[in-house]
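Chains as they are written, first to last, in this note's numbering: chain Z, 1 to 146; chain V, 1001 to 1158.
Cβ coordinates follow ideal geometry from the N, Cα and C atoms, glycine included.
Laid out in structure tokens, this is it:
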């Protein structure tokens, strides 16, 4: 039996909402890695985004793919430790591109530092078998909206 | 080898165009090329170090073992810290180095087998089961595409 790091209880309300939505979404039976690859390509594209609207749109689609890959894996019973690791690493790589694009601002520098903490948390998650991460892209998207 | 050329061409082009390096700034271009390809030196080091093993197993399809933790998230974090420090001295150089390195690491994750959370967790992962021929084909497409883009960049059209 493979051990997959569990989510902390603080994420329960948000996970519950996503689980509810998952039941109503049409999900094709594809390799979730297509979503990971799309998220990475979009994160690289973020390097060239000029306006806040473009940035919000790209982060929004990346977050959507992040949800869809997990939802697809759960729907088609493909939840594995390897899949969890791919998901976490894709998220960290995506954040690396997004926040390195923004280091020209003080806020971007703060988020880049937080990305480093998130990368360390990725190691801690597999070590402790409990998933820990900061929702940095979501927070940054809210900041861009504001 | 084709993979190293593909990494060097694509990752460095993305890094220099993102950081808005001008074609007459050779030091930044050189830094991007080095950062985009340097990581492949560790394939060479490990392939030499473990040559007995590769003589038994063969190199084809097994070179993903010939890599250090710098090819994984640990390496990305380490280069992130170094770039963060370098940022205070030369922000453009820091961005060029980090982006080129990050693109290379990401390409390796997408294209082949890796242990991204090594040294803490050595679970081997693979996004797509690509054959050797498919990988070579993708590398050729990348080399042609980014060869064209480098040409446009160097004549000042990007």
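- Here residue 1143 of chain V really is in contact with residue 1009 of chain V; their C-beta atoms are around 6 Å apart, less than 8 Å.
- Pairing residue 4 of chain Z with residue 1127 of chain V gives a Cβ-Cβ distance that is not under 8 Å.
- If you draw a straight line from the Cα of residue 11 of chain Z to the Cα of residue 65 of chain Z, it comes to about 19 Å.
- Interface criterion not met: the Cβ of residue 134 of chain Z is under 8 Å from no Cβ in chain V.
- Under the three-state reduction of DSSP, residue 1095 of chain V is assigned to helix.
- Separation of residue 15 of chain Z and residue 117 of chain Z (C-alpha to C-alpha, rounded to the nearest whole angstrom) is 22 Å.
- A distance of 8 Å or more separates the beta carbons of residue 1042 of chain V and residue 1007 of chain V.
- Separation of residue 75 of chain Z and residue 23 of chain Z (C-alpha to C-alpha, rounded to the nearest whole angstrom) is 9 Å.
- Contacts with chain V at 8 Å (Cβ-Cβ) include residue 33 of chain Z.
- With fewer than 16 other CB atoms across the displayed protein chains lying within 10 angstroms of its CB, residue 17 of chain Z is exposed.
- At least 8 Å separates the beta-carbon of residue 1031 of chain V from that of residue 1130 of chain V.
- Measuring C-alpha to C-alpha distances from residue 135 of chain Z to each of Z:128, Z:106, Z:37, Z:62 identifies Z:62 as the nearest.
- Contact annotation: in the stretch 1068–1092 of chain V, residues whose CB is within less than 9 Å of a CB in chain Z are 1072, 1073, 1074, 1076, 1077, 1080, 1081, 1083, 1084, 1087, 1091.
- Between residue 101 of chain Z and residue 46 of chain Z, the alpha-carbon positions lie close to 7 Å from each other.
- Rounded to the nearest whole angstrom, the CA to CA distance from residue 49 of chain Z to residue 138 of chain Z is 17 Å.
- CA-to-CA, the gap between residue 41 of chain Z and residue 1069 of chain V works out to about 23 Å.
- The same chain holds no residue with a CB closer than 7 Å to that of residue 1045 of chain V once the five nearest residues on each side in sequence are set aside.
- Secondary-structure assignment with DSSP links residue 1113 of chain V through a beta bridge to V:1126.
- Contact with chain Z is found for residue 1095 of chain V, since one of that chain's Cβ atoms lies less than 8 Å from the residue's Cβ.
- Nearest CB-CB separation between residue 128 of chain Z and chain V: not below the 8 Å threshold.
- In this structure, the straight-line span from the alpha carbon of residue 35 of chain Z to that of residue 25 of chain Z is close to 15 Å.
- Around the C-beta of residue 43 of chain Z, 16 or more other C-beta atoms lie within 10 Å, and the residue is accordingly described as buried.
- Among the residues facing chain Z, residue 1006 of chain V is not included, as its CB has no counterpart in that chain under 8 Å away.
- For residue 107 of chain Z, the closest alpha carbon among the candidates Z:140, Z:145, Z:73, Z:13 is that of Z:140.
- Any Cβ of chain V closer than 8 Å to the Cβ of residue 141 of chain Z would place that residue at the interface, and such an atom is absent.
- Put simply, the backbone Cα of residue 1091 of chain V is about 37 Å away from that of residue 1049 of chain V.
- For residue 1157 of chain V, there is no enclosing alpha helix (DSSP H), as DSSP marks it with neither H nor E.
- Against residue 1127 of chain V, the close residues of chain Z are 33, 36, 37, 86, in the order they occur along the chain (beta-carbon pairs closer than 7 Å).
- When secondary structure is reduced to three states using DSSP, residue 104 of chain Z falls in the coil class, being assigned neither helix nor strand.
- Against chain Z, a Cβ distance below 7 Å from residue 1042 of chain V picks out nothing, because the smallest value is about 18 Å.
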